[in-house]
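Below you'll find the structure, written out as structure tokens, and then a few comments.
Residue numbers (this note's numbering): 18 to 257.
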């Protein structure tokens with residue numbers, strides 16, 4: 018689980034920090050979506066870490082954040098977030114129903130064993146018509162195909178041995194997961210393409226063909242109420 022000794026050790030070896038002044042492609046595109054909100058929004062950032070991603074909006078919107086690590090949250094608290102230490106896999110989000118205009122989960126969904134629980138909880142705390150913004154690493158890339166074909170190792174960002182990810186996602190699988198919890202995607206952006214020896218590139222093209230991008234940003238609209246079911250979450254034959 019996310020608060021296990023493994024996750025604590027991984028977090029110690031791979032500290033999560035951000036640079037609000039030099040955003041990468043993912044951060045920049047998340048901010049582009051949030052900047053579209055011209056009225057004050059109440060935003061919950063699930064897995065907010067140090068809060069750097071949404072830092073520019075602290076005075077424009079009401080920002081709340083949860084994370085399993087007090088060390089991660091220290092930076093967000095210093096910025097002015099309203100935070101709570103919380104392990105999303107252990108218990109419901111510590112908020113009432115329908116209290117947020119926007120919920121964000123940046124590079125979080127792939128770390129959660131029970132994806133359905135996360136999405137059901139995000140739905141619960143969102144107001145009707147509210148927005149869910151998620152970002153996730155995409156395992157369907159040209160680099161990933163080459164890794165499997167020539168190196169016999171799992172795709173980049175996948176749930177591989179000694180990796181921190183528990184779930185793999187592509188554009189199709191994320192849409193299935195969102196639809197199962199009453200979310201309708203209305204904006205999808207790829208962040209960039211990654212190639213060995215070249216690095217991150219072609220951010221503009223990635224926005225046009227997000228299904229092959231290294232990371233993807235999706236904004237979805239809450240269209241109804243979701244009800245979590247462990248039985249449904251265990252169903253495997255969902256891909257058609």
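From the three backbone atoms N, C-alpha and C, an ideal C-beta is built for every residue, glycine too.
Spatial neighbours of residue i in its chain, beta-carbon cut-off 6 Å, leaving aside the 5 residues before and after
i           : result
residue 207 : 223, 224, 227, 230, 233
residue 121 : 62, 150
residue 124 : 152
residue 7   : No answer is possible for residue 7: it lies beyond the span of the chain, which begins at 18 and ends at 257.
residue 242 : none
Bridge partner(s) assigned by DSSP for residue i
i           : result
residue 211 : 217
residue 136 : The partner list for residue 136 (beta bridge, DSSP) is empty, contrary to what the question assumes.
residue 232 : 154
residue 122 : 63, 151
residue 100 : 82
residue 204 : 236
residue 186 : 155
residue 10  : Past the boundaries of the shown model lies residue 10; the chain is included only from 18 to 257, so the question cannot be answered.
Nearest candidate by alpha-carbon position, reference residue i, set the options
i           : options            : result
residue 145 : 116, 128, 161      : 116
residue 203 : 235, 45, 214, 65   : 235
residue 76  : 65, 51, 240, 86    : 51
residue 59  : 66, 49, 42, 71     : 71
residue 96  : 84, 212, 73        : 73
residue 211 : 242, 164, 189, 188 : 164
residue 254 : 48, 190, 45, 213   : 190
residue 102 : 84, 214, 169       : 84
residue 247 : 47, 78, 238, 106   : 106
Beta-carbon proximity check, residue i vs residue j, cutoff 8 Å
i           : j           : result
residue 130 : residue 148 : no
residue 201 : residue 158 : no
residue 68  : residue 112 : no
residue 194 : residue 143 : no
residue 177 : residue 171 : yes
residue 91  : residue 65  : no
residue 199 : residue 140 : yes
residue 56  : residue 82  : no
residue 138 : residue 110 : yes
Cβ-based neighbour list, residue i, same chain, cut-off 8 Å, excluding 5 preceding and 5 following
i           : result
residue 175 : 156, 161, 182, 185
residue 249 : 133, 197
residue 192 : 202
residue 187 : 155, 156, 157, 228
residue 213 : 160
residue 108 : none
Contacting residues, own chain, Cβ-Cβ under 7 Å from residue i (five flanking each side not counted)
i           : result
residue 42  : 208, 209, 217, 220
residue 251 : none
residue 245 : 133, 134, 137
residue 128 : 19, 181, 182, 183
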